[in-house]
Amino acid sequence: MESYSDKVMDHFRKPRNVGAIDDADGVGKEGNPMCGDIMELSIKVKDDTIIDAKFRTFGCGAAIATSSMITEMIKGKSIQDALKISNRAVAEALDGLPAKKMHCSVLAADALKKAVDDYREHRKAL
Amino acid sequence: MKRIYLDYAATTPADPRVIDEMLPFFTEHFGNPSSVHSFGQETKSAVEAARETVSGLLGAAPDEIVFVSGATEANNTALKGTAFAKRDKGNHIITSAIEHHSVSETVAALKKEGFRITNLPVDRYGMVDPDDVKKAIDEKTILISIMHANNEIGTIQPIAEIGKIARERSITFHTDAVQSLGHIPVNVDDLDVDLLSGSSHKFYGPKGVGFLYVRKGTKLTALLFGGDQEKRRRAGTHNTPGIVGTAAAARIAHESMAEESVREAVLRDRLIKGITGAVQDASLNGHPTMRLPNNANISFHFIEGESILLSLDMEGIAASSGSACTSSTLEPSHVLLAIGLSHEVAHGSIRFSLGRWTTDEDVARVIEVLPGIVSRLRVMSPLFAERTSHGIVQR
Ligand code: FES
């Protein structure tokens with residue numbers, strides 16, 4: 001098929017952190033402009049650190065794997081550090097993606113930015 | 127794990143009997159059919175015998191068959207060949223929104239050359255309305271090209287009716303019969319076509335070979351120039367093993383068609399019923415009855431096709447998808463959009479195409495594993511979550 005790396009297939013088979021956090025501090029929903037796939041990421045934040053993250057994704061194998069991977073990567077990170085994670089970094093953490101599938105990883109990075117924006121909005125409102 | 131192949135519409139394995147007939151033509155009988163010596167004459171007669179077989183099965187005359195490299199070449203030759211040959215008569219071409227890319231891309235190229243194109247819509251079953259064809263015709267129309275059966279959703283078009291319309295007006299009529307040949311009866315007079323494309327690897331023959339039927343008297347400019355093979359309609363040394371294999375495959379498919387098409391249709395219906403019965407919000411695409419005996423195309427709402435294919439592949443099951451994620455353009459299938467599916471639903475469609483070696487057990491296994499695959503992916507899907515939280519059930 002797509003010749004995905006073992007890591008991608010592992011995250012596709014056993015995606016980590018699937019779902020939505022009930023009392024999330026920030027939720028980001030993003031559509032992929034290239035193919036129309038959708039990812040929703042919710043985060044729980046304490047003292048500016050992401051203590052929990054969950055995702056739901058409508059998309060290809062790469063989209064699901066990058067979604068799963070980014071939840072793992074941001075957990076325990078400060079908001080600032082989490083925002084430094086690029087889509088490239090997510091792809092690298094999965095031992096790479098086929099060239100045709102690089103655009104899928106943008107979805108995860110964008111959803112994260114949206115979730116953080118949402119979190120900051122909420123905090124401002126408080 | 128036993129692997130299950132349900133992608134026969136993409137390609138079929140060559141039948142071992144076909145290979146047996148081909149093999150001597152790689153070694154023993156290697157002569158160039160264009161040579162005058164005995165080596166050449168031997169293979170020449172094999173090519174001509176193959177031509178006779180193929181034409182006979184189609185109800186055509188032998189010299190109406192032009193052997194080519196496959197359906198892409200056949201379709202390109204039919205469209206460009208007619209357009210260029212009849213340029214002085216007009217510049218209008220009628221085709222449909224659901225043609226294979228080897229037709230639609232060729233037509234798009236002709237548009238750049240100054241031809242005017244009408245792309246007929248289809249109804250929700252993927253059917254072209256012959257009345258639409260009639261209405262689209264004007265005094266400049268030189269060519270109509272409508273496929274016989276659709277490769278993605280299996281809908282069989284009213285070709286004979288369209289053929290009659292074209293015949294009455296002396297407009298050249300081409301049909302791409304790649305998916306129907308060898309699976310359902312195809313007769314050039316019944317269908318009333320002037321040009322018809324076929325590809326051997328879709329009916330258990332070898333890859334890299336096919337043919338174009340050209341009704342006697344049809345004006346056609348060649349695509350390839352060089353030697354005078356195929357009565358100068360297609361230059362290039364004959365692919366003798368491929369041509370011999372084409373005839374063998376066509377003959378075998380013809381002999382078994384009556385029985386095999388019924389067998390496959392029974393399995394197809396079992397598969398469709400089984401899946402739509404076991405999985406909620408799964409809907410059949412294409413026509414309920416006017417469809418190829420081996421095609422089942424199903425949309426699994428709220429989830430995406432590539433992830434379904436990957437999950438099936440993990441179970442050893444091979445199928446294909448109309449999802450944007452599996453296409454190089456990242457656009458969902460133009461066929462599924464043409465029948466009115468939304469972007470998301472088109473995204474989640476899977477084509478199962480059955481064939482000669484598909485068994486009851488294969489079908490049962492797909493029905494057994496699919497519900498688990500679908501529900502696993504739905505748990506991950508934000509679209510499914512929205513649907514459940516709003517309590518809407520889309521049909
Ligand atoms: S997210 Fe659509 S192709 Fe990967």
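Keeping their order, the protein sequence lines are chains G and C.
Just so we're aligned, residue 1 is where the first sequence starts under the numbering used here, counting upward by one.
Just so we're aligned, residue 127 is where the second sequence starts under the numbering used here, counting upward by one.
Glycine included, C-beta positions come from ideal geometry on N, C-alpha and C.
TODO: Kindly list, in the order they appear in chain G, the residues whose Cβ is closer than 8 Å to that of residue 418 of chain C.
DONE: Here residue 418 of chain C is taken as the residue at index 292 of the second sequence, counted from 1. What residue 418 of chain C touches in chain G: nothing, since even the nearest Cβ is about 25 Å away.
Task: residue 517 of chain C at chain G interface by Cβ criterion, 8 Å - done: For the purposes of this step, residue 517 of chain C is identified with residue 391 of the second sequence, where counting begins at 1. Note that residue 517 of chain C scores a pLDDT of 47, beneath 50, so its modelled location is shaky; the value from the coordinates is reported in the next line. No, its Cβ sits nowhere closer than 8 Å to a Cβ of chain G.
TODO: Tell me residue 460 of chain C's beta-bridge partners as DSSP assigns them.
DONE: Here residue 460 of chain C is taken as the residue at index 334 of the second sequence, counted from 1. BP columns for residue 460 of chain C are empty, so no partner.
Task: Counted within 10 angstroms of its Cβ, other Cβ atoms place residue 253 of chain C as buried (16 or more) or exposed - done: Within the second sequence, the letter at position 127 stands for residue 253 of chain C. Buried, since its Cβ has 16 or more Cβ neighbours within 10 Å.
TODO: For the stretch 49 to 69 of chain G, enumerate the residues whose C-beta is nearer than 7 Å to any C-beta of chain C, in chain order.
DONE: The residues in question are 56, 57, 58, 59, 60, 61 and 64.
Open item on the list: Measuring straight from C-alpha to C-alpha, what distance separates residue 295 of chain C and residue 465 of chain C?
Closed with: To locate residue 295 of chain C, count along the second sequence from 1; it is residue 169. To locate residue 465 of chain C, count along the second sequence from 1; it is residue 339. Just so you know, the alpha carbons of residue 295 of chain C and residue 465 of chain C end up roughly 29 Å apart.
TODO: Whole angstroms is fine: what's the gap from residue 412 of chain C's alpha carbon to residue 281 of chain C's?
DONE: Numbered from its first residue, the second sequence carries residue 412 of chain C at position 286. Numbered from its first residue, the second sequence carries residue 281 of chain C at position 155. Cα atoms of residue 412 of chain C and residue 281 of chain C: separation of roughly 5 Å, rounded to the nearest angstrom.
- [ ] Can you tell me which of C:138, C:250 and C:358 puts its alpha carbon nearest to the alpha carbon of residue 416 of chain C?
- [x] Here residue 416 of chain C refers to the residue found at position 290 of the second sequence. Measuring from the Cα of residue 416 of chain C, the nearest candidate turns out to be C:250.
Task: Neighbour list for residue 37 of chain G in chain C, Cβ cutoff strictly below 9 Å - done: Taking the first sequence and counting its residues from 1, one reaches residue 37 of chain G at position 37. Within chain C, the residues whose beta carbon sits less than 9 Å from that of residue 37 of chain G are 430, 450, 451 and 473, listed in sequence order.
Task: Proximal residues to residue 58 of chain G (C-beta, below 8 Å), its chain only, five neighbours per side dropped - done: Position 58 of the first sequence, counted from the first residue, corresponds to residue 58 of chain G. Cβ within range, chain order: 37, 38 and 39.
Open item on the list: Could you check whether the Cβ of residue 462 of chain C sits closer than 7 Å to any heavy atom belonging to the ligand FES?
Closed with: The sequence position of residue 462 of chain C within the second sequence is 336, counting from 1. Between the ligand FES and residue 462 of chain C, a heavy atom-to-CB distance of less than 7 Å is absent.
Open item on the list: Let me confirm a value: residue 206 of chain C is counted as buried when at least 16 other C-beta atoms fall within 10 Å, else exposed. Which label applies?
Closed with: Taking the first residue of the second sequence as position 1, residue 206 of chain C is located at position 80. Buried, because 16 or more other Cβ atoms sit within 10 Å of the Cβ of residue 206 of chain C.
Open item on the list: Does the structure place the stretch 200 to 217 of chain C close enough to the stretch 326 to 334 of chain C that three or more beta carbon pairs sit under 8 Å?
Closed with: The stretch 200 to 217 of chain C and the stretch 326 to 334 of chain C do not touch, with fewer than three beta-carbon pairs separated by less than 8 Å.
Open item on the list: By DSSP's criteria, residue 339 of chain C is part of a beta bridge. Which residues make up the other side?
Closed with: Looking up residue 339 of chain C in the second sequence gives position 213. DSSP output for residue 339 of chain C lists C:191 and C:322 as bridge partner(s).
Task: C-beta atoms of residue 467 of chain C and residue 390 of chain C nearer than 8 Å - done: Here residue 467 of chain C corresponds to residue number 341 of the second sequence, with the count starting at 1. Here residue 390 of chain C corresponds to residue number 264 of the second sequence, with the count starting at 1. Their beta carbons are not under 8 Å apart, which means residue 467 of chain C does not touch residue 390 of chain C by this criterion.
Open item on the list: Could you check whether residue 181 of chain C and residue 187 of chain C sit closer than 8 Å to each other, using their CB atoms as the reference points?
Closed with: Here the question's residue 187 of chain C lines up with position 61 in the second sequence. Here the question's residue 181 of chain C lines up with position 55 in the second sequence. In contact: residue 187 of chain C and residue 181 of chain C (Cβ atoms closer than 8 Å).
Open item on the list: Taking 7 Å as the cut-off, is the C-beta of residue 114 of chain G nearer than that to any heavy atom in the ligand FES?
Closed with: Here residue 114 of chain G is taken as the residue at index 114 of the first sequence, counted from 1. Placement of the Cβ of residue 114 of chain G at a distance of 7 Å or more from every heavy atom of the ligand FES is found.
Open item on the list: So, with DSSP's three-state summary, where would you put residue 407 of chain C?
Closed with: As a position in the second sequence, residue 407 of chain C is number 281, starting the count at 1. The answer is coil: DSSP assigns residue 407 of chain C none of H, G, I, E or B.
- [ ] With a cut-off of 8 Å on the beta carbons, I'd call residue 45 of chain G and residue 25 of chain G a contact; round off their distance for me.
- [x] One-based indexing of the first sequence puts residue 45 of chain G at position 45. One-based indexing of the first sequence puts residue 25 of chain G at position 25. Indeed they touch by this definition, with Cβ atoms about 4 Å apart.
- [ ] Report the neighbours of residue 506 of chain C on chain G: residues whose CB is nearer than 7 Å to its CB, in chain order.
- [x] Looking up residue 506 of chain C in the second sequence gives position 380. When 7 Å is used as the limit between beta carbons, residue 506 of chain C is near these residues of chain G: 15, 18, 56, 57 and 64, in chain order.
TODO: Look at the alpha carbon of residue 62 of chain G and the alpha carbon of residue 104 of chain G, and state the distance between them as a whole number of angstroms.
DONE: For the purposes of this step, residue 62 of chain G is taken as the residue at position 62 of the first sequence. For the purposes of this step, residue 104 of chain G is taken as the residue at position 104 of the first sequence. Annotation: residue 62 of chain G to residue 104 of chain G spans about 6 Å, alpha carbon to alpha carbon.
Open item on the list: Quick check: the stretch 351 to 358 of chain C against the stretch 221 to 237 of chain C, are at least 3 beta-carbon pairs closer than 8 Å?
Closed with: The stretch 221 to 237 of chain C makes no contact with the stretch 351 to 358 of chain C; the number of CB pairs closer than 8 Å stays below 3.
Task: Inter-residue Cα distance where the pair is residue 193 of chain C and residue 151 of chain C - done: Start at 1 with the first residue of the second sequence, and residue 193 of chain C comes out as number 67. Start at 1 with the first residue of the second sequence, and residue 151 of chain C comes out as number 25. Their backbone Cα atoms lie some 16 Å apart in a straight line.
Open item on the list: Is residue 480 of chain C close to the ligand FES? I mean its beta-carbon at under 7 Å from any heavy atom of the ligand.
Closed with: Here residue 480 of chain C is taken as the residue at index 354 of the second sequence, counted from 1. For residue 480 of chain C, the CB stays at least 7 Å from every heavy atom of the ligand FES.
Task: residue 87 of chain G CB to nearest heavy atom of the ligand FES below 7 Å - done: In the first sequence, the residue the question calls residue 87 of chain G occupies position 87. Checking the Cβ of residue 87 of chain G against the ligand FES gives no.
- [ ] Quickly, what does DSSP pair residue 304 of chain C with across the bridge? List them, please.
- [x] Residue mapping note: residue 304 of chain C aligns to position 178 of the second sequence, counting from 1. Paired residue(s): none; residue 304 of chain C is not in a bridge.
Open item on the list: Between the stretch 378 to 395 of chain C and the stretch 470 to 486 of chain C, can you find at least three pairs of beta-carbon atoms closer than 8 Å?
Closed with: Judged by Cβ distances under 8 Å, the stretch 470 to 486 of chain C makes contact with the stretch 378 to 395 of chain C, as three or more pairs qualify.
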